[in-house]
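Step one of this worksheet: look at the structure below.
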């Protein structure tokens, strides 16, 4: 193998390594996004638990409304709490 061929092979290897590094970075970014989505879902879940507790402590029982009505009821009740706090 002459010098030119070795240099070309070396360049190809460096390019492959750069591509592997880019792929690792894309994978890290996907993982960060997945973790952020999980954190957001957990925040939403805890928010609903907090609001449900607040509503129940004010006499509203989840069984009083259907599931389709419950989430809007939570949001509107929460907004009322914010406005009158």
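Numbering (UniProt numbering), first residue to last: 1 to 85. For each residue, glycine too, the CB sits at the ideal point set by N, CA and C.
If you draw a straight line from the C-alpha of residue i to the C-alpha of residue j, how long is it?
{"i": "residue 23", "j": "residue 14", "result": "14 Å"}
{"i": "residue 27", "j": "residue 42", "result": "23 Å"}
{"i": "residue 6", "j": "residue 18", "result": "18 Å"}
{"i": "residue 45", "j": "residue 11", "result": "51 Å"}
{"i": "residue 57", "j": "residue 20", "result": "55 Å"}
{"i": "residue 36", "j": "residue 51", "result": "22 Å"}
{"i": "residue 25", "j": "residue 9", "result": "24 Å"}
Quick check for students: name the residue ranges of the beta strand (DSSP E) that lie wholly in the region 10-39, counting only runs of 3 or more.
None, since the region 10-39 contains no complete beta strand (DSSP E) of that length.
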